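Peer 1:
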C-alpha cells in the first residue's frame, strides 16, 4: 500500500463503513418487518389453532427436533426436511401424528431412526398443527424445489 | 510473558483444548451414525451427539477467545490485568456451567433438561446452536460481561492500541448480539430472522474482529514488522468484513419466508465476503515475508499462515460456492452447507485459536520464546494431519452434497431424502475415515505439550 494511505484513513473507513452498512441492515430489517404480514402466515397464529401451534413450537424446541431435521433448510442434515412435510404427507395432520407415534422404541436395526417420544394425542396434534403452519409460510420461489424437500 | 496476570490465560487454553477433544470424539460418533444409523441408539441419538459437537465447539472457541483476551490485552496495554482474580473466578464458573450443560445433554433427555431448567419461564432452548438451557445462556452473558469489564478497565488504565480496541469492540459485539438468543417469538419467520443476528453476526461479523486482532497480535510478535503497518492492514481487513458481511446476512434470508429482495441483497453482498479473507491471506504472507526477525516459534507462524489460507478457502471459497441464490435454491440445507461449515470453522476460528495458543502457551509455561524443536516438530505434524484431513472431510461432504442436491432436487425424478442418503453413503464413509485421521492429528497435538519440555532453550531475545 502506498505511503499516502495512512492507518487513520483505514480506521475511518472501518468505522464509517461499518456504521453505514449496519444502518442499512436496520433499514432493510424495518422494510422486512413491514412485509412479514404478507408472508409469514401469522393469520394461523391468530386463528383458532393459534394456541395449538404455540404449544407445538414449544414441543418442537423442547425435544430438539432441529438437531436431526431441517426446517426451511435450517437445522441438522440427518433427517428429512420438515418445512413441507405437511404437503409431502398428503396435506394430512393425521399422517404426521401417525408417523411420530409409531416410531419403535429401540429404533430400526442398522438404520437411522427417530426416537419414540411418547407424546400424548394432544401433543401430537399440537406438533402436527405447528408443521402445517410452517408449510403455509410463503417462501421465496416456493422453496423447497420439490415435494422431497 | 511480560505481566504476571497474563497467566490466567493458561486455564482458559487448557479447558479449550479439552473441549476440543470432546468435540472431535462426538463428531466421530455422529459421522458413524450417518452410515450406521443405529450406532448408540437410543442412548445417544444423533441430535444429542450433534448438540455436544457444536456446543463444545462454541464453548471452546469462546474459552480460547477469552484466554487470548486475558493474554494479549495486558501485554498490549502494558499493564497488569485489572482484576486477575475475577478472570480466574469466571473461568471456573464457565467451566462448571459448560460441564453441567454437557452432562445434562448426555444424562437426561432434552425435554427433561428443559423441564429441569424451567425453559417455559423464558423459552430459548431447542434452536440450532442455541440449545443451551436458558440458565446457561445467562451464565454466558455474566461471564462475557465480566470479561468485558476486566479488559475494559485494563485498557482504560494502560496503553490504547488499535489491536486492543478492535478486540474489545469484537467482544462487545459478541455480547450484544448474543442477547438476540433470548428473543424467541412463536412466529417462525421472525424467530429465524433474528436467530441469524446471533449466528451470522457472530461468525461472519464480530468474531472476525476478534480473529483479526489475534492474528495481528501474533504477526507483530513473530515477524517484528512495524505495528503501524500491521494495524493499518487490520483496519482494512475488518472494514471489508463488515462492509460485505452485515448485508451479507441476507444470504440466510433467501428461503425462510423473507421477502424476495433479499435474494439480491444477499447474493451480491455475500459474493463479496471472500474479499476480506483474500486480503487477510495476502496480509499474513506479506508480513511474514517482510519479517525483521527469525522468531524461534516456527510453529506459531505456521498456524498463523494456515489460518489465513484455510479461512480464505473455507469461509471464502466454500462460502461463495453456494451463496448465490440461484445455486443456493438447490443446495440450501444439504451436505454442501455442512462442508462449508466444517472448513470455515476450522480454518478461521479453530486455527486462529491454535495460533494464539501455540504462540502464548510456551511463554505461559515459563519458556523464553518457544517450545523445544521436538515439540514443535510434533505440533507441525498435527497441523498438517488436521488441516489436510479437514480438506478431505470438506471435499467428501461437498461430493455428498452435490449428489444429494442433484438426486433430491434437480433430477427428473427427485428421490426421497432417505433414499438419497443411502445412495451417497460412500462419501460418508470416506468422511469418517478422514475424521479418524483428524483425531490422530489431534492426539499428536495434545502430545506435543508433553514432549521435550526439559530440553534447554536457545537463548533468544524478546
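Residue numbers (my numbering), protein chains in the order written: chain A, 6 to 154; chain B, 44 to 505. Just so it is clear, CB atoms sit at the ideal spot from N, CA and C, and this is done for glycine as well. Just so we're clear, the structure is a prediction, and the values are computed from it rather than from any experiment.
Which ranges does the beta strand (DSSP E) cover as unbroken runs of at least 3 residues, wholly within the region 369–396 of chain B, from first to last along the chain?
Peer 2: Runs found: none.
Peer 1: Note down the Cα distance separating residue 281 (chain B) from residue 472 (chain B), rounded to an integer number of angstroms.
Peer 2: Computed Cα separation, rounded: 38 Å.
Peer 1: What do you get for residue 377 (chain B), buried or exposed, if any count of 16 or more other CB atoms within 10 angstroms of its CB means buried?
Peer 2: So residue 377 (chain B) ends up on the buried side.
Peer 1: Straight-line CA distance for residue 212 (chain B) to residue 244 (chain B)?
Peer 2: Spanning the two alpha carbons is a distance of roughly 13 Å.
Peer 1: Helix, strand or coil for residue 74 (chain A), going by three-state DSSP, please let me know.
Peer 2: Reduced to three states, the DSSP call for residue 74 (chain A) is strand.
Peer 1: Determine, using beta carbons only, whether residue 114 (chain B) and residue 66 (chain B) come nearer to each other than 8 Å.
Peer 2: Their beta carbons are not under 8 Å apart, which means residue 114 (chain B) does not touch residue 66 (chain B) by this criterion.
Peer 1: Can you tell me where the alpha helix (DSSP H) holding residue 67 (chain B) begins and where it ends?
Peer 2: Segment 51–78, the alpha helix (DSSP H) holding residue 67 (chain B).
Peer 1: Do residue 353 (chain B) and residue 394 (chain B) have their beta-carbon atoms positioned less than 8 Å apart in this structure?
Peer 2: In contact: residue 394 (chain B) and residue 353 (chain B) (Cβ atoms closer than 8 Å).
Peer 1: For residue 271 (chain B), does the three-state DSSP call read helix, strand or coil?
Peer 2: The answer is helix: DSSP assigns residue 271 (chain B) an H, G or I state.
Peer 1: Under DSSP, the alpha helix (DSSP H) around residue 472 (chain B) begins and ends at which residues?
Peer 2: Residues 468–490.
Peer 1: Step through the CB atoms of chain B and report whether any lies within less than 8 Å of the CB of residue 40 (chain A).
Peer 2: Chain B contact via Cβ: present.
Peer 1: Is residue 187 (chain B) near residue 138 (chain B), with beta carbons less than 8 Å apart?
Peer 2: No; because the gap between Cβ atoms is not below 8 Å, this pair is not in contact.
Peer 1: Below 8 Å on the Cβ atoms is my contact criterion, and I expect residue 358 (chain B) with residue 297 (chain B) to pass it. Report the Cβ-Cβ distance as a whole number of Å.
Peer 2: Actually they do not touch by this definition, with Cβ atoms about 19 Å apart.
Peer 1: To test your reading of the DSSP string, which unbroken alpha helix (DSSP H) runs of 4 or more residues are found completely within the region 53–132 of chain A?
Peer 2: Within the region 53–132 of chain A, the complete alpha helix (DSSP H) runs of at least 4 residues are 55–67, 90–93, 98–106.
Peer 1: Taking C-beta pairs closer than 9 Å, name the residues in chain A that residue 471 (chain B) reaches, listed in chain order.
Peer 2: The premise fails here: residue 471 (chain B) is roughly 11 Å from chain A at the closest Cβ pair, so nothing lies under 9 Å.
Peer 1: Please determine, among B:127, B:184, B:86, B:120, the residue with the shortest C-alpha to C-alpha distance to residue 149 (chain B).
Peer 2: Here the closest residue by C-alpha is B:86.
Peer 1: Starting from residue 75 (chain A), find everything on chain B with Cβ-Cβ shorter than 7 Å and list it in chain order.
Peer 2: Result: 376.
Peer 1: For a minimum of 4 consecutive residues, which ranges assigned as the alpha helix (DSSP H) are wholly contained in the region 437–472 of chain B?
Peer 2: List check, alpha helix (DSSP H) in window: 460–466.
Peer 1: With distances taken Cα to Cα, identify the nearest neighbour of residue 256 (chain B) among B:470, B:392, B:436, B:479.
Peer 2: It is B:392.
Peer 1: Nearest-angstrom Cα distance between residue 23 (chain A) and residue 314 (chain B)?
Peer 2: The alpha-carbon atoms of residue 23 (chain A) and residue 314 (chain B) are separated by roughly 18 Å.
Peer 1: Would you call the region 101–117 of chain B and the region 61–77 of chain B touching, i.e. three or more CB-CB distances under 8 Å?
Peer 2: Flag = yes, the region 101–117 of chain B and the region 61–77 of chain B touch.
Peer 1: Report yes or no: do the region 361–372 of chain B and the region 66–79 of chain B share at least 3 C-beta pairs separated by less than 8 Å?
Peer 2: No, the region 361–372 of chain B is not in contact with the region 66–79 of chain B.
Peer 1: The ligand GTP heavy atoms versus the CB of residue 247 (chain B): any closer than 7 Å?
Peer 2: With respect to small molecules bound, the structure shown includes none, and the ligand GTP cannot be examined in it.
Peer 1: Which of the residues in the region 223–236 of chain B, read from start to end, lie with their CB under 9 Å from any CB of chain A?
Peer 2: Cβ contacts with chain A come from 227, 229, 230, 231, 232, 233, 234, 235, 236.
Peer 1: Does the structure place the region 145–164 of chain B close enough to the region 428–436 of chain B that three or more beta carbon pairs sit under 8 Å?
Peer 2: Cβ pair count under 8 Å is below three, so no.
Peer 1: Please report the straight-line C-alpha distance between residue 122 (chain B) and residue 215 (chain B), rounded to a whole angstrom.
Peer 2: Their backbone Cα atoms lie some 21 Å apart in a straight line.
Peer 1: Does DSSP classify residue 232 (chain B) as helix, strand or coil?
Peer 2: The answer is helix: DSSP assigns residue 232 (chain B) an H, G or I state.
Peer 1: When the Cα atoms are used, what is the spatial distance from residue 45 (chain A) to residue 137 (chain A)?
Peer 2: So the two alpha carbons sit approximately 13 Å from each other.
Peer 1: Using beta carbons (cut-off 8 Å, strictly below), is residue 117 (chain B) in contact with chain A?
Peer 2: Chain A, which has no Cβ nearer than 8 Å to the Cβ of residue 117 (chain B), makes this no.
Peer 1: 8 Å is my cut-off, CB to CB: does residue 145 (chain A) come that close to chain B?
Peer 2: Yes, its Cβ sits closer than 8 Å to a Cβ of chain B.
Peer 1: Going residue by residue through the region 152–238 of chain B, where are the continuous alpha helix (DSSP H) segments of at least 4 residues, counting only ones entirely within it?
Peer 2: Counting only runs of 4 or more, we get 153–159, 177–200, 205–221.
Peer 1: Is the number of C-beta pairs between the region 401–415 of chain B and the region 470–484 of chain B that are closer than 8 Å three or more?
Peer 2: Touching, no.
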